[in-house]
Structures are given as structure tokens and as C-alpha cells.
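Structure first, commentary second.
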Amino acid sequence: MVIKVFKNFFKRIFSNIFKNKRDVKLGFYGPPNAGKTSLANRICKDFTGEEMGSISKVPHETRHVQFKEKVEIEYKGKKMVFKMIDTPGIATKIDYEEFLKYKIKKKDSKLRAKEATQGVIESIKWLDDMDMVVIVLDSTENPYNQVNITIIGNLVARKIPVLIVANKIDLAKSDVKKIEAAFPEYDVVGISAKQGKNLEEFYESVFRISKKIQ
Amino acid sequence: MKKSVKKNLGKIKGFSIQFIPYSEIKNLNSDERIKKILSIIFGNNILILQGKLTSNEETRLIGDTMAMIDHIKEFKGIELAVISGDKNESILGKFKKGLANILAGGDLGAITIIGPATIVKDIKRNPKKIELLLS
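As they're listed, the protein sequences go chains A and B. Following the working numbering, the numbering of the first sequence begins with 18 at its first residue and continues without gaps. Following the working numbering, the numbering of the second sequence begins with 216 at its first residue and continues without gaps.
Structure below.
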């Protein structure tokens, strides 16, 4: 009996130690071309000196889930270690003809579309594995997009903490208030991943929201 | 089934709009709901569904339709929009609505629109209205 009590006591202590030391899986989700990789690159560059993936004006540049392990983010003396997961943009339709407009050859456009559809499926599969998710939205676009609402709803149903980032605040058409109005129940931070604007508020929000991880 | 789907989506000459009351899907499980929805949209129909799917079902629908893009000729995905009641309702109003939804077995005040992207070019949505742009 006494041995059993001791066993359970140590088991609990050890599991708590390892639980606390586990890297937080931080996912970047959102529609194509919102700036998920730009933001992930900015964070990685700031804290590891390396970028995560390539960026492009052509939608669906990220077509596979990309990872960066052991990214230690330091903010106001606090440190947290993240496993960063940059995901392909989620869309409900993908047409190869859209890529032809960017002067990509037909054959390559078809391949890009094929990989992009696989990327969406991959992103959806990874939803289960996240500890916390940053939804990156383009603040120059209409936020009332069903994909945004569906993904956020899905994360809430899984009790995964969500932070909404209104990216591209450096552009004249940017409207962060519209995003705040569309998602009044969530934290919204306006940033420019490209120019590194307002990242302090972003890191503060990440640290605050990470406390909700179950 | 697949043969006729290919035929239909390859030669779009028209479409129809199907309205489904929530009672039609209320007792179906997620697999059956998605199967029913897919059979409607692959028949060149725009579906107007009373109520809404769960967020998990909506995500599965996106994933399943993505997986079919490569396998069904001319299929490019779907357009999807859900419009619900007033988000800025009072606490009492939300409570009443929540109770009514529980009794009804779903959010009957919501409307879901799903159509193949070959027909529905875009769905412009704001808090108060949905605008369908057809190809």
C-alpha cells in the first residue's frame, strides 16, 4: 500500500516535470496569401536566425506543413520553447487557371493546384495536434470568409487556444477593426509581418494565451 | 455514380437550387450528412440547408471535397457560407436561442449554402447578408 502511494507520487511529479518542459506546438493557420509563412519567418529569424519557408505573391506557395523545432521565444524576461508549425493555406476551391495569371506554365500550374489540394488536407489533419493556433488573416480582405469561421469554430470545439492576427497593417486598405468586429470573442492583434510592426503586442498575446493550454 | 458525376460536371448547362429542411439531416450521422451533401452538389445543385453543420463536419466537408478535385473532372471545389442569427444578442436572448436550439436539435435559425465552385463563383458575405455570384 505504502509502496503504491510512493509510486503514484513520483509518477505524478515526473509527468508534471515533463509536461511543463514539453515544447508548445504553435500552429499558423489561415487562408492562402495571408502571411502565415512571413510571420513564421519573422519569428524564426528573430529567435533562431533562420527562416522557415519561401514566400511568394502567388497563392499556395506553402503546400506542405513545415516545422521548426526548439524555437525559444523570449519576451520581457520570460522564455517559452515552441515547435512552430506553418501550414498550407486552407481554401474550399483550387483552380489551376488562377496560377496562369501569374505567368506560371500550364503544366506547373496543374501540379501546383494538385499539391495545394493535398496541402489543405494536410493542414486539416494537423488541427488535432496543435497546442495553440495563430490564425493569420489579411487585414485588407473581408474577414467574413467561411473558411476562417469554420477553422476557428473547429479549434474552439477542440478547446485549442486561438490568437487572431490581422496581418498587413502596413497597407492602406488594412482594416483591423473589421476583423475585431467579425471575431469579437477573440484576441485580435494587428501586425505587419513583412515590416515587423507591432510584434511586441503579438508576443505578449502569445504568452498570455499560452496559459490557456490544457 | 462516378460516371454520371463526371459527365455532369464536364458539361455544365444549368443548375438547380435544392432546399433541405433540417429534419432531413437531423437524424443522420456525420458520414451520412456529408455523403448526402456531396451527392447534391455533384449533381450540379446549389444546396440551401436549413440549420448548420457542426464545425467538425464543415472541416471534413472541405477536406473531402479537396480530395475529390483530382478525381472528378472539372470539379474545382465548393463555395460554402453559413449565416446565423444576430451575434450581438442580449444574454437572455442568447439563452432563449440556446434553449430553442437544444429542443430543436440544431440551430434552425441558421442557413447554410453550399455549391460547386464551377457554378458558384463567389459568395460575398457580411454579417447581414449573403450574395451569390454565379459563373
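Every residue, glycine too, gets a C-beta built ideally from N, C-alpha and C.
With the cut-off set at 7 Å, would you say residue i and residue j are in Cβ contact?
| i | j | result |
| --- | --- | --- |
| M149(A) | S55(A) | no |
| V182(A) | V206(A) | yes |
| T167(A) | E272(B) | no |
| G170(A) | S270(B) | yes |
| G66(A) | T79(A) | no |
| L128(A) | V151(A) | no |
| T104(A) | V75(A) | no |
| I261(B) | R248(B) | no |
| L43(A) | M101(A) | yes |
| C61(A) | K85(A) | yes |
| T109(A) | I293(B) | yes |
| A296(B) | I263(B) | no |
| M281(B) | V153(A) | no |
| Y220(A) | Y46(A) | no |
| A174(A) | G52(A) | no |
| I298(B) | I326(B) | yes |
| D125(A) | K291(B) | no |
| I141(A) | G258(B) | no |
| K195(A) | P160(A) | yes |
| V193(A) | F99(A) | no |
Would you mind sorting residue i into buried or exposed? The rule is 16 or more other CB atoms within 10 Å of its CB.
| i | result |
| --- | --- |
| K87(A) | exposed |
| D285(B) | exposed |
| P48(A) | buried |
| I334(B) | buried |
| F234(B) | exposed |
| L348(B) | exposed |
| M216(B) | Its pLDDT being 45, under 50, M216(B) is placed unreliably by the model, and nothing is read from it. |
| R340(B) | buried |
| K218(B) | Confidence is the limiting factor: at K218(B) the pLDDT is only 49, short of 50, which leaves the residue's position unreliable and the question unanswerable from this model. |
| P201(A) | exposed |
| Y119(A) | exposed |
| F35(A) | Bear in mind that the predicted position of F35(A) carries a pLDDT of just 48, short of 50, making it unreliable; the figure below should be weighed with that in mind. With fewer than 16 other Cβ atoms within 10 Å, it is exposed. |
| K344(B) | exposed |
| D322(B) | buried |
| R59(A) | buried |
| K229(A) | exposed |
| P342(B) | exposed |
| A189(A) | exposed |
| P331(B) | buried |
| P236(B) | exposed |
| N244(B) | exposed |
| I177(A) | buried |
| E158(A) | buried |
| S350(B) | exposed |
| I242(B) | Residue 242(B) is actually Asn in this sequence, not Ile. Exposed is the call here. |
| I186(A) | buried |
| D155(A) | buried |
| Q265(B) | buried |
| S231(B) | exposed |
| N346(B) | Per the sequence shown, residue 346(B) should be read as Glu rather than Asn. Per the 10 Å Cβ criterion, exposed. |
| S191(A) | buried |
| L115(A) | Note that residue 115(A) is Glu in the sequence shown, not Leu. E115(A) is buried by the Cβ-count criterion. |
| K122(A) | exposed |
| K267(B) | buried |
Chain B partners of residue i, CB-CB under 7 Å?
| i | result |
| --- | --- |
| K110(A) | K291, G292, I293, E294, A332 |
| T134(A) | M281, I284, D285 |
| K131(A) | D285 |
For a contact defined as C-beta to C-beta under 7 Å, what are the partners of residue i on chain A?
| i | result |
| --- | --- |
| A282(B) | I138 |
Kindly list, in the order they appear in chain B, the residues whose Cβ is closer than 9 Å to that of residue i.
| i | result |
| --- | --- |
| Y161(A) | A296, K339, R340, N341, P342 |
| I141(A) | T274, R275, I277, G278, M281 |
What does residue i touch in chain B if you count any residue whose Cβ is under 8 Å from its own?
| i | result |
| --- | --- |
| I107(A) | I277 |
What does residue i touch in chain A if you count any residue whose Cβ is under 8 Å from its own?
| i | result |
| --- | --- |
| N271(B) | N171, A174 |
Original post:
In chain order, which continuous runs of the beta strand (DSSP E) of length 3 or greater are located wholly inside the region 260-292 of chain B?
Top reply: 260-265
**OP:** Can you give me, in chain order, the residues of the region 163-187 of chain A that have a beta carbon less than 9 Å from any beta carbon in chain B?
**Re:** Q163, V164, I166, T167, I168, I169, G170, N171, L172, V173, A174, R175
Original post:
Which of the residues in the region 245-257 of chain B, read from start to end, lie with their CB under 7 Å from any CB of chain A?
Top reply: none
**OP:** Starting from the N-terminal side, write out each stretch of the beta strand (DSSP E) that is 3 residues or longer and does not extend beyond the region 124-189 of chain A.
**Re:** 149-155, 179-184
Subject >> Ranges of the beta strand (DSSP E) found wholly within the region 64-115 of chain A, counting only runs of at least 3 >> reply: 83-92, 95-103
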